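Q: Heads up: the sequence lines are chains A and B, in that order.
For the first sequence, our numbering begins at 2 and goes up steadily by one.
For the second sequence, our numbering begins at 3 and goes up steadily by one.
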Amino acid sequence: MMARLLSASFLLLALLLGFAAHAEPYLAVEEGYKCNVCHVNPTGGGLRNDFGVTYAKVLLPEQSIGPEFDKWNGKVADILHVGGDLRADWSRTTAPNTPATDGFALEQFRVYGDLAIIPNKLGIYVDEQIAPNGSQNEEAYVRYGNTNNGGFYFKGGQFYLPFGWRLQDQSAFVRQLTGINMTTPDKGVEIGYEKPHWSAQLDFTNGSANTGSGTGHEVTGQVQYVQSIWRLGLAASSEQAQVGNRRMAGIFAGLKTGPVAWLGEFDVVHDDSFAPAETQAAALFEGDWRLMKGHNLKLTAEWEDPDRRVPNDQFTRYSLVYEYTPIPFLQLRGGYRRDVGIPQSPSENQRQLFVELHGYY
Amino acid sequence: MNSSGVTRSGVLLGLCLPLLQACAGNGQGLDANGRPIGESGGSGSVPLSADLSSIEANVFTPICSKCHIGGGAPEGLRLDSADAYNLLVGVPSTEVPSILRVKPGDPDNSYIIQKLEGHAAVGAQMPLGGPYLSTATIGFIRQWISNGAPPASGAASGSINATPDFVVKAIVPDGSEPVAQSPPQISVAFSRELDGNELALLSARVESMDGISTVTARISLASGNSKVLLITPDEKLAPGTYRVMLRSPVTPQVSDLSGRTLALGKQSQNGESELVQFEVEVLP
């Protein structure tokens, strides 16, 4: 009885406050997995590996499909894996003293490919956004070494930097402030280390501030320790650029309590391109409650301080998203998001309602 | 369902949510963009109009600068008030170098409009993930570009360094990645306005690294933005690796309006300077 009461209170509180975000790492926290258990990319996101496809077919959806339709395993040849994600949505946004806007949008259609030239040793990976608008390469790199807990591996080319939770919501404050998300790949090299409970990366790349100037570089490092119900990660980055150097540090963690997976991240950025230099901070707090197979309630609270020297300028965002996966590779998402910031800024006090169709393979 | 797990989850949520709810600033002493009132002469909200200051205050700073700011700005495009004009007007986009980010007088062929309206050749509509700007808001940006995209009417209202030093801020293409086609021009953005009269002494050519092909190039200031130098090859460049060479009776250099000079490129023994190298890709 007490549990039910708490559950109802939990849901009611969430509905009243409003929350959200589009993160997938909660699955890893919930299951006690590392990213490389389900993804080809050892730092997560993008193409799913054999187990990831099986997980998406069997464990994630409310219902499996019959064996006569169950042909897809992500392979078009023994050495070639492909996959993709399509997200289309309808949203309505309101803000104080601003006309409401609403409409349909194709958020993204991405295709992934991995050519295992020498299985578990040498591969080429591509992540290409092909819609909306023209094609845009996100990731393209050569990978050498076994990323499946086999020790060291090497990556070279264009890829996303490892820094904190690799969230599906690219507009999450922690992803915006750090400038590291799944739309901002960088070019360079990465040395990684994967063992059963450890994951670590060290990257040497151009740095986003050096696009167009060709000078400077960025060094990024991350280490993560994973246990079955909890994990802890540390990340740091230093970028040298003509416009000013930038240093970042972050801590992120995951915890499973009963049916709920919790994610947290706190990042601090010191940016010398401002005069005087600014120190900024952002935090993420997310809870994912798998109500039953195929149903997930996601609650997110975010906070950002855009300039630590300036008082009273912090803003927050709360989201509530319901994710329903009726059958393999199809997800319906609906959510409400509420920004709470300084009262004089309409954009920091907007509210958004959205419904999303997510197809993936 | 495990009831003790639910209990632990509820307690954790009950502790954390009120804490976060109380974290939003009350805005006391700040303008509409969250900056201290009087920090740079501004005193609050400015109505949206076809003026760069107004567009900065209402669009670039509160919306675009969530990402496009500081050292981590995507594509190196910083849309703070100190950098927005220099990095937009007359500057080729990095995604499609043949299209200027802002082409004064021509909003339809300005990349920023194509990105905001969602029909650019490359990548997603901006702001990334929405909510997208209303037609009316984009209309003001269109009108500013139609008006010739003049600089901001007032003083810069942001807190970014105004970069008083006379330096090269960006070169496009810069060799960091191959370009998909012959670039219509090589753009060099400076921190200060250039003296156009001094450019008459400067000549340029684009030569392949193997020395087989050489194309002469014209030098001019970007339309409506004298902080950007354009080097326009007289012919299309075939796939290959090139370098831009500058020549002058004296050291290849440019001058700003106050007479300060800046030497360009790496100087070679024959009096020429190599400004930049880049690769034109072989398309399949």
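Every residue gets a Cβ at the ideal spot worked out from N, C-alpha and C, and that includes glycine.
No experiment lies behind these values; they were computed from the predicted model shown.
Look at the Cβ atom of serine 346 of chain A, then the Cβ atom of alanine 34 of chain B, and state whether they are nearer than 8 Å.
A: Cβ distance < 8 Å, so serine 346 of chain A and alanine 34 of chain B count as in contact.
Q: Mapping the DSSP letters down to three states, classify tryptophan 166 of chain A as helix, strand or coil.
A: Here tryptophan 166 of chain A sits in coil by DSSP.
Q: Shorter than 8 Å from the beta carbon of leucine 13 of chain A to some beta carbon of chain B?
A: Low confidence applies to leucine 13 of chain A: its pLDDT is 39, below 50, so where it sits in the model is not reliable enough to give any reading.
Q: Comparing the C-beta of valine 124 of chain B with each C-beta of chain A, is any distance below 8 Å?
A: Closer than 8 Å: yes.
Q: Less than 8 Å between the C-beta atoms of leucine 102 of chain B and tyrosine 113 of chain B, yes or no?
A: In this structure, tyrosine 113 of chain B lies closer than 8 Å to leucine 102 of chain B by Cβ.
Q: Flag glutamate 357 of chain A as yes if its beta-carbon sits less than 8 Å from any beta-carbon of chain B, otherwise no.
A: Taking Cβ atoms only, chain B never reaches closer than 8 Å to glutamate 357 of chain A, which makes this a no.
Q: Taking the alpha helix (DSSP H) that glutamine 116 of chain B falls in, what are its first and last residues?
A: Taken as a continuous stretch (DSSP letters only), the alpha helix (DSSP H) holding glutamine 116 of chain B covers 113 to 119.
Q: Using a 10 Å radius around the Cβ and a threshold of 16 neighbouring Cβ atoms, would you call proline 235 of chain B buried or exposed?
A: That one is buried.
Q: Return helix, strand or coil for aspartate 82 of chain B, following the three-state DSSP convention.
A: If DSSP states are grouped into helix, strand and coil, aspartate 82 of chain B belongs with coil.
Q: Using the beta-carbon count (16 or more within 10 Å), is glycine 273 of chain B buried or exposed?
A: Exposed.
Q: Answer yes if the stretch 146 to 164 of chain A comes into contact with the stretch 130 to 137 of chain A, meaning at least three C-beta pairs across the two stretches below 8 Å, and no otherwise.
A: Output reads no: the stretch 146 to 164 of chain A does not touch the stretch 130 to 137 of chain A.
Q: Compare the C-beta of isoleucine 65 of chain B against all C-beta atoms of chain A and say whether one is closer than 8 Å.
A: With 8 Å as the cut-off, isoleucine 65 of chain B counts as an interface residue toward chain A.
Q: Is the beta carbon of alanine 52 of chain B closer than 8 Å to that of phenylalanine 142 of chain B?
A: Taking 8 Å as the Cβ cut-off, phenylalanine 142 of chain B and alanine 52 of chain B qualify as a contacting pair.
Q: Would you please state the rounded distance, in angstroms, between the beta carbons of leucine 235 of chain A and valine 220 of chain A? I believe it to be under 8 Å.
A: Contact doesn't hold; Cβ gap of about 15 Å is too wide.
Q: Would a check of beta-carbon distances place valine 220 of chain A closer than 8 Å to chain B?
A: Chain B contact via Cβ: absent.
Q: According to DSSP, is alanine 122 of chain B helix, strand or coil?
A: Residue state, collapsed to three classes: coil.
Q: Could you give the distance in angstroms between the alpha-carbon of glycine 114 of chain A and the alpha-carbon of threonine 218 of chain B?
A: Approximately 42 Å, taken between the alpha carbons.
Q: Is the number of C-beta pairs between the stretch 76 to 95 of chain B and the stretch 286 to 299 of chain A that are closer than 8 Å three or more?
A: No: the two stretches stay apart, fewer than three of their Cβ pairs being nearer than 8 Å.
Q: Does the contact criterion of 3 or more C-beta pairs under 8 Å hold for the stretch 63 to 71 of chain B versus the stretch 196 to 206 of chain B?
A: Too few Cβ pairs lie closer than 8 Å, so no.
Q: Would you please verify whether the beta carbon of lysine 105 of chain B is less than 8 Å from any beta carbon of chain D?
A: In the structure shown, chain D does not exist; the protein chains are A and B.
Q: Would you report the Cα separation of threonine 137 of chain B and glutamine 145 of chain B, rounded to the nearest angstrom?
A: Using only the alpha carbons, I get a separation of about 12 Å.
Q: Within a Cβ cutoff of 7 Å, which residues of the same chain sit near valine 54 of chain A, ignoring the five residues on either side of it in sequence?
A: Here the set comprises Asn74, Gly75.
Q: Residue range of the beta strand (DSSP E) that glutamine 241 of chain A falls in?
A: Unbroken beta strand (DSSP E) run through glutamine 241 of chain A: 231 to 241.
Q: Straight-line CA distance for glycine 158 of chain A to glycine 261 of chain B?
A: Approximately 43 Å between the Cα atoms of the pair.
Q: Quick one: is arginine 111 of chain A buried, meaning 16 or more other Cβ sit within 10 Å of its Cβ, or exposed?
A: Buried is the call here.
Q: Tell whether a beta-carbon distance below 8 Å holds between alanine 78 of chain A and alanine 89 of chain A.
A: No, Cβ-Cβ distance for alanine 78 of chain A and alanine 89 of chain A is not below 8 Å.
Q: Starting from proline 133 of chain A, find everything on chain B with Cβ-Cβ shorter than 7 Å and list it in chain order.
A: Chain B residues near proline 133 of chain A: Gly120, Ala126, Gln127.
Q: What does the Cβ neighbour count give for glutamate 283 of chain B, buried or exposed, with the cut at 16 atoms within 10 Å?
A: Glutamate 283 of chain B comes out exposed.
Q: Distance check for serine 55 of chain B and glycine 265 of chain A, CA to CA, integer angstroms please.
A: Straight-line Cα distance between these residues: approximately 38 Å.
Q: Can glutamate 195 of chain A and proline 43 of chain A be called in contact, C-beta distance under 8 Å?
A: For glutamate 195 of chain A and proline 43 of chain A, yes; Cβs fall inside 8 Å.
Q: Please go through the stretch 156 to 228 of chain A and give each complete alpha helix (DSSP H) segment of 4 or more residues, from N-terminal end onward.
A: For the stretch 156 to 228 of chain A, whole alpha helix (DSSP H) runs of length 4 or above, ordered along the chain, are 174 to 179.
Q: So, for alanine 242 of chain A: in the same chain, excluding its five sequence neighbours on each side, which residues have a beta-carbon less than 7 Å away from its beta-carbon?
A: The residues are Gly208, Ala210, Asn211, Gly217.
Q: Going by other Cβ atoms of all chains shown within 10 Å of its Cβ, with 16 needed for buried, is isoleucine 162 of chain B buried or exposed?
A: Low per-residue confidence applies at isoleucine 162 of chain B: pLDDT is 41, beneath 50, and the placement is therefore not dependable enough to give any value.
Q: Roughly how far, in whole angstroms, is the beta-carbon of glycine 245 of chain A from the beta-carbon of aspartate 273 of chain A, given that I think they are within contact range, below 8 Å?
A: At roughly 4 Å, the Cβ-Cβ gap stays under 8 Å, so glycine 245 of chain A and aspartate 273 of chain A are in contact.
Q: Measure the beta-carbon distance from glutamine 281 of chain A to aspartate 308 of chain A and round it to whole angstroms, keeping in mind my assumption that it falls under 8 Å.
A: With a Cβ gap of about 6 Å, glutamine 281 of chain A and aspartate 308 of chain A count as contacting.
Q: Which runs of the alpha helix (DSSP H) spanning at least 4 residues fall entirely within the stretch 256 to 280 of chain A, listed in chain order?
A: DSSP runs (the alpha helix (DSSP H)) wholly in the stretch 256 to 280 of chain A: none.
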